[in-house]
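When you read off a place in the sequence shown, starting at 1, and then add 64, the result is the number in the working numbering.
Think of the CB as a built atom: it goes at the ideal place given N, C-alpha and C, for glycine as much as any other residue.
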Amino acid sequence: MILKEILEQCQNRRAKAQMLAEYNYKIALDNEEFFQAEKAYRNLNFEYGKNPNEQTLSKVNDINKTRKQILEKLGLRISPQYQCTTCQDTGYKNGKLCLCIKQEVSKRISDICAIPKNIRCDFEQCDLSVFSNELQRKIMESTYEKMKDYCKKFPDTPINSIIFSGSTGTGKTYLISAMASELSMSGFDVFFTTAFGLNNIFLKSHTAKIEEKSQYIEPLLKCDLLIIDDLGTEPMYRNVSNEYLYTIINERKINKQHTLISTNLNQDEILTRYGERIFSRLNNKADSLFLSLEGSDIRLNKKK
């Protein structure tokens with residue numbers, strides 16, 4: 065979902081840049097001076113193509129300079145002005161995702177999670193030295209290696225639900241953000257939302273007309289990976305929150321789709337807040353993993 069949206073926006077920018085260039089070219093041709101220069105430029109190019117020689121090439125370069133001067137005087141650009149000159153707003157360079165797309169994926173995920181803009185969410189940029197406690201750092205190093213392996217094997221892994229549990233500032237959100245970036249940039253359809261945002265989706269679906277309900281829920285059911293950040297911080301709405309959450313989790317379980325959840329709640333608190341049905345689906349040891357990330361708040365450590 066994240067990568068698809070970004071690539072679509074990139075393609076739209078490319079199309080707009082090309083349309084503007086074509087429009088400017090038509091306007092430029094209405095100018096007699098440019099029209100004559102353009103006509104001469106094309107004729108000379110054609111002549112050079114038939115009989116390449118230094119004299120004709122020199123004429124081509126001279127008339128091209130004239131064209132550019134006229135365009136500058138008119139204040140027109142007739143070549144597309146792409147936002148990314150590396151991939152020319154195609155999103156790809158040499159068959160691989162362009163850096164501009166990777167950066168936008170990371171930024172989009174950071175914005176959702178309110179992660180500072182100067183921090184890029186991916187495994188390459190991860191600095192585990194922020195964990196001053198040696199035991200906590202070793203736990204996180206081990207966890208990060210397991211999650212890197214999970215991403216490499218995705219979606220062919222027996223584990224399709226992972227809950228990252230821990231108090232505030234233990235690195236849960238950054239970890240799932242790095243996983244979201246990794247899998248998005250591998251071409252998978254990732255839907256990343258906070259628990260609060262998910263609850264709003266449930267409310268919109270609940271109050272929508274029958275024929276419009278599916279437009280809110282289908283993206284949650286069809287994505288390759290659903291990520292829910294900060295489960296347990298959202299308000300609970302009667303006949304909405306638990307009922308819709310169970311439906312989403314249960315359907316994804318049945319279809320063996322992957323779901324990642326971060327939460328400040330422990331297992332007992334999840335059971336109390338969401339009930340046995342949701343807890344049992346999330347805590348099925350055959351295809352689920354519950355990881356406790358305990359330790360001190362790294363954000364406080366940075367301030368010391």
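Inter-residue Cα distance where the pair is residue i and residue j
i	j	result
K277	L284	12 Å
K217	S245	15 Å
T297	N263	10 Å
L355	C74	37 Å
L357	D288	25 Å
Q200	A259	26 Å
S248	K286	15 Å
S143	A104	19 Å
K236	D293	9 Å
E315	Y214	22 Å
I226	F252	17 Å
E102	K137	15 Å
I274	I281	12 Å
K123	K129	10 Å
L161	N76	17 Å
T120	T149	30 Å
L353	G159	35 Å
T327	I70	27 Å
G261	L329	18 Å
G230	I313	21 Å
Run of the beta strand (DSSP E) containing residue i, from where it starts to where it stops
i	result
I291	289 to 295
S143	Careful: S143 lies outside any beta strand (DSSP E) and carries neither H nor E.
L67	Not the beta strand (DSSP E): L67 falls in the alpha helix (DSSP H), residues 66 to 93.
Three-state secondary structure assigned by DSSP to residue i
i	result
F343	helix
T149	coil
N308	Before going further, note that residue 308 is Tyr rather than Asn in the sequence given. Helix.
Y301	coil
F370	Nothing in the structure corresponds to residue 370, since the chain is present only between 65 and 368.
F260	helix
F187	coil
K320	coil
T327	strand
K273	coil
A350	coil
L121	helix
Residue interval of the alpha helix (DSSP H) (run including residue i)
i	result
L357	No alpha helix (DSSP H) contains L357, which DSSP labels as neither H nor E.
N154	First, the residue type needs correcting, since residue 154 is Thr and not Asn in the sequence shown. Run containing T154: none; DSSP gives neither H nor E here.
P116	Run containing P116: none; DSSP gives neither H nor E here.
Neighbour flag for residue i against chain D, beta carbons, 8 Å
i	result
E69	The structure shown has no chain D; it contains just one protein chain.
Legend entry - Cβ contact check for the stretch 252 to 272 and the stretch 328 to 340: 3 or more pairs under 8 Å: no
Legend entry - Complete runs of the beta strand (DSSP E) confined to the stretch 204 to 255 [at least 3 residues]: 225 to 229
Inset, instruction - Give a yes or no on contact between the stretch 206 to 216 and the stretch 303 to 317, applying the rule of three or more CB pairs nearer than 8 Å. - result: no
Inset, instruction - Check whether the stretch 158 to 172 touches the stretch 85 to 98, counting contact only when three or more Cβ pairs, one atom from each stretch, lie closer than 8 Å. - result: no
Inset, instruction - Say whether the stretch 146 to 162 touches the stretch 109 to 127, bearing in mind that this needs 3 or more beta-carbon pairs closer than 8 Å, one atom from each stretch. - result: no
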